[in-house]
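Numbering (the UniProt record's numbering), first residue to last: 1 to 444.
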């Protein structure tokens with residue numbers, strides 16, 4: 001398909017002859033397919049399969065993978081695309097995010113990317129949104145035929161997955177209403193490696209079902225960064241986790257890795273810390289990399305993974321072939337290797353399965369130990385869990401006044417907070433509208 005052609009990067013000239021422009025697409029949609037039972041080929045460009053490409057779709061992320069996705073999807077016939085990204089363009093983006101130029105540095109990625117594609121492919125309409133995905137309400141997402149993710153972190157994927165699952169309505173018989181289902185195509189890259197997963201919410205395994213397959217993020221022990229730092233990364237982590245919390249340079253604001261003032265403050269603190277312990281190597285670039293957990297990106301990996309994502313989006317939208325079932329990985333390190341596997345739905349998944357579970361602990365176990373368990377257990381990996389027992393709040397991270405009031409509960413034994421067999425309701429900002437119901441029994 002044309003989307004795989006790199007000349008787009010330099011000079012993507014698009015013919016205005018509709019028949020010529022979409023001739024490759026017509027060869028797929030106007031022929032029968034042995035891999036799509038029930039698919040009726042279109043007789044011309046006004047058929048149902050072609051019309052399906054006019055339905056609105058959403059691209060999340062306009063970075064390295066997002067730029068490739070916008071290019072691929074626009075050249076595969078999708079005519080109504082919306083893109084959402086909260087980041088601005090940095091000079092370091094220009095080596096691989098080819099929709100941007102040096103004059104665009106400082107501008108919002110979504111706006112520049114949308115303008116670039118709209119100017120080059122006049123048959124396509126791309127609408128930008130410059131905000132966090134959490135700032136849009138569910139009604140915004142309901143209008144899309146499918147969603148393609150080019151995200152760079154697990155937390156955003158978890159939130160998006162939880163959202164699309166929550167949007168699926170039930171029929172009178174209790175089965176999922178397929179008409180309310182929004183397929184999710186998720187792509188990701190890391191160096192020479194990448195993946196594509198296709199999620200049909202409530203029907204196939206969701207992202208949360210696969211959560212335990214991700215290795216824990218590398219962190220440094222607090223005692224090390226506080227007392228015996230040995231590397232520039234330790235110094236940056238000290239500034240990020242300890243100095244920021246103690247000095248509150250910007251009030252109660254959390255660290256924003258895209259805010260130059262935040263990064264500059266952390267860089268200066270890390271530099272001072274490094275000087276105290278005769279450590280060299282702290283740079284502004286390193287500081288930003290540690291804060292945002294930046295992994296080197298490779299343009300060719302983005303291109304391959306984006307092509308696979310666009311291919312799946314095309315198959316799902318037009319129903320011209322079977323969709324991926326349901327996960328494939330790519331490794332371009334040694335040569336080129338890919339492998340496809342199917343994940344099973346997890347019955348105990350807190351998003352798409354039975355979100356009730358039982359935990360047995362001693363009555364003198366502290367509440368803080370339960371929170372640590374919720375953060376570290378592979379099936380949960382909560383970030384900032386809040387706990388309630390009936391109408392009683394055990395611990396809530398927001399608002400700050402309530403967190404301060406409930407902080408004393410962290411060191412209290414469970415037996416002092418509730419009775420054995422009580423059901424605890426647990427929520428987390430990583431999940432849009434999903435809760436864990438945890439029944440805690442005390443050991444006798």
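The beta-carbon is built from N, C-alpha and C at its ideal position, and this holds for glycine as well.
- With at least 16 other beta carbons inside 10 angstroms of its own, residue 157 counts as buried.
- In this structure the region 53-73 lies against the region 137-152, because at least three pairs of beta carbons, one per stretch, are closer than 8 Å.
- With fewer than 16 other Cβ atoms from the protein chains shown falling within 10 Å of its own Cβ, residue 248 counts as exposed.
- Counting along the chain, the unbroken alpha helix (DSSP H) around residue 68 starts and ends at 64-75.
- The three-state secondary structure of residue 324, taken from DSSP, is coil.
- Of the candidates 383, 192, 246 and 268, 192 places its Cα closest to the Cα of residue 335.
- The shortest CA-to-CA distance from residue 226 to any of 242, 33, 421 and 299 is the one to 242.
- With a threshold of 16 other beta carbon atoms within 10 Å, residue 39 meets it and is buried.
- The beta-bridge partner set that DSSP reports for residue 82 consists of 58 and 127.
- By the 16-neighbour rule on beta-carbons within 10 angstroms, residue 230 is exposed.
- Looking only at 303, 234, 382 and 136, the smallest Cα-Cα distance to residue 276 is reached by 234.
- Straight across, the Cα-Cα distance linking residue 379 with residue 297 is about 28 Å.
- Around residue 430, the same chain offers 155, 158, 159, 382 and 383 as residues with beta carbons nearer than 7 Å, after the five sequence neighbours per side are excluded.
- Around the Cβ of residue 172, a 10 Å sphere holds fewer than 16 other Cβ atoms; the residue is exposed.
- Here DSSP, grouped into helix, strand and coil, assigns residue 426 to strand.
- C-alpha of residue 386 to C-alpha of residue 152: approximately 25 Å in a straight line.
- Between residue 107 and residue 127, the CB-CB gap reaches or exceeds 9 Å.
- Judged by their CB atoms, residue 71 and residue 100 are not nearer to each other than the 9 Å cut-off.
- Proximity to residue 367 across 375, 256, 344 and 394 peaks at 394, based on C-alpha coordinates.
- Check the Cα spacing between residue 425 and each of 415, 95, 392 and 403: the tightest is with 392.
- Our two residues, residue 339 and residue 215, have alpha carbons roughly 19 Å apart in a direct line.
- Judged by DSSP in its simplified three-state form, residue 204 adopts coil rather than helix or strand.
- Assigned with DSSP and collapsed to three states, residue 185 falls in strand.
- Listed in chain order, the alpha helix (DSSP H) runs fully inside the region 257-339 are 260-276, 284-292 and 299-318, counting runs of at least 4 residues.
- Taking 9 Å as the cut-off, the beta carbon of residue 240 is found closer than this to the beta carbon of residue 291.
- In the structure shown, residue 235 falls within a helical segment according to DSSP collapsed to helix, strand and coil.
- Segment contact: the region 47-57 against the region 311-319, three or more CB-CB distances shorter than 8 Å; contact assigned.
- Comparing alpha carbon positions, the residue from 209, 364 and 287 closest to residue 354 is 209.
- Three or more Cβ pairs closer than 8 Å define a contact, and the region 187-205 meets that threshold against the region 339-353.
- Going by DSSP, residue 193 is part of no alpha helix (DSSP H) but of the beta strand (DSSP E) stretching over 193-199.
- The beta-bridge partner set that DSSP reports for residue 373 is empty.
- Apart from sequence neighbours up to five positions away, the residues of its chain that approach residue 144 with a beta-carbon distance below 7 Å are 56, 57, 58 and 182, ordered along the chain.
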